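Novice: Residue numbers (my numbering): 76 to 247.
We put the beta carbon where it would ideally sit given N, CA and C, even for glycine.
Remember, predicted model here, so these are calculated numbers, not experimental data.
Dropping a structure here in structure tokens format, bear with me for questions.
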């Protein structure tokens, strides 16, 4: 409000006066926008992060599947995944997950904390798989299925983009 008052004062000093109704319209538009814009910006940012993380999430599924099939401990596997993943946000969360598992010696609490850091269906499914693995001991088949779904989704997205490009190029 102080910045808006300063702009209005500077404009008035130059001889420009804003009608009262225009200022009211401006405030009526700015207040709701100021309330909803941060939420919208956060959703857009989260969606972009999810799209950027997809290749790394696929690597996570594949690497954990291969390593657990080979008999590696989950903590060693997560440490190796940390080295293979390039997305900073996911990398940081994996490091914290691994540290929490080692420190607390509890997978379930650490996995729940890891899941809360993201709004991503594939990370949620990864967490469910790890929690089920803790109870049943079966992980490789579920990880293979999810890895295939991610690959299928990525391939479908690429084909859809190519189709759109072809349609727009053909129509112009």
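Looking only at its chain, what residues have a beta carbon closer than 7 Å to the beta carbon of residue 70, apart from the 5 residues adjacent to it on each side?
Specialist: Any question about residue 70 goes unanswered here, given that the chain covers just 76 to 247.
Novice: If you reduce the DSSP assignment to three classes, tell me which class residue 188 lands in.
Specialist: Residue mapping note: residue 188 aligns to position 113 of the chain shown, counting from 1. Helix.
Novice: Does the structure place the segment 198-209 close enough to the segment 183-190 that three or more beta carbon pairs sit under 8 Å?
Specialist: Output reads yes: the segment 198-209 touches the segment 183-190.
Novice: Do you know offhand how far residue 164's Cα is from residue 125's?
Specialist: As a working mapping, residue 164 is identified with position 89 in the chain shown. As a working mapping, residue 125 is identified with position 50 in the chain shown. When rounded, the distance between both Cα atoms is 10 Å.
Novice: When the Cα of residue 150 is compared with those of 137, 175 and 141, which residue comes out closest?
Specialist: Locating residue 150 in the chain shown gives position 75, where the first residue counts as 1. The shortest Cα separation from residue 150 among 137, 175 and 141 belongs to 175.
Novice: Do residue 173 and residue 154 have their C-beta atoms closer together than 7 Å?
Specialist: Here residue 173 refers to the residue found at position 98 of the chain shown. Here residue 154 refers to the residue found at position 79 of the chain shown. Yes. Within cutoff.
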